[in-house]
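Residue numbers (the numbering used here): 124 to 203.
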């Protein structure tokens, strides 16, 4: 799949860490068939796995936790 740029940030396949600590693998970015919204296709690297999708704009959001501004998902490297 192609890299997708949203909110001035490129989402590339690989491993990401959620601000709460769990890790995920981004498979790629697709397009919603009705709205044409960019959607991140990913799988959790814990539990039963399975494929999930989340709007790319949400993936790239900055959130506030304990008064600190953080990325919702931080890229940590290539998938193993």
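Glycine included, C-beta positions come from ideal geometry on N, C-alpha and C. For clarity, every value in this text was computed on a predicted model and none was experimentally measured.
Residue span of the alpha helix (DSSP H) that contains residue i, given as start and end
i	result
residue 179	179-182
Buried or exposed (CB count within 10 angstroms, at least 16 for buried), residue i
i	result
residue 162	buried
residue 175	exposed
Residue range of the unbroken beta strand (DSSP E) whose run includes residue i
i	result
residue 140	137-141
residue 190	It is not in any beta strand (DSSP E) - residue 190 carries neither H nor E in the DSSP assignment.
residue 169	Element bounds for residue 169: n/a, residue is neither H nor E.
residue 146	146-154
residue 173	Where residue 173 is concerned, there is no enclosing beta strand (DSSP E), given that its DSSP letter is neither H nor E.
residue 197	196-200
Separation of residue j from residue i, as counted between CA atoms
i	j	result
residue 202	residue 146	11 Å
residue 199	residue 170	20 Å
residue 144	residue 191	15 Å
residue 154	residue 193	26 Å
residue 159	residue 167	24 Å
Rounded Cβ spacing between residue i and residue j (contact assumed at less than 8 Å)
i	j	result
residue 197	residue 139	6 Å
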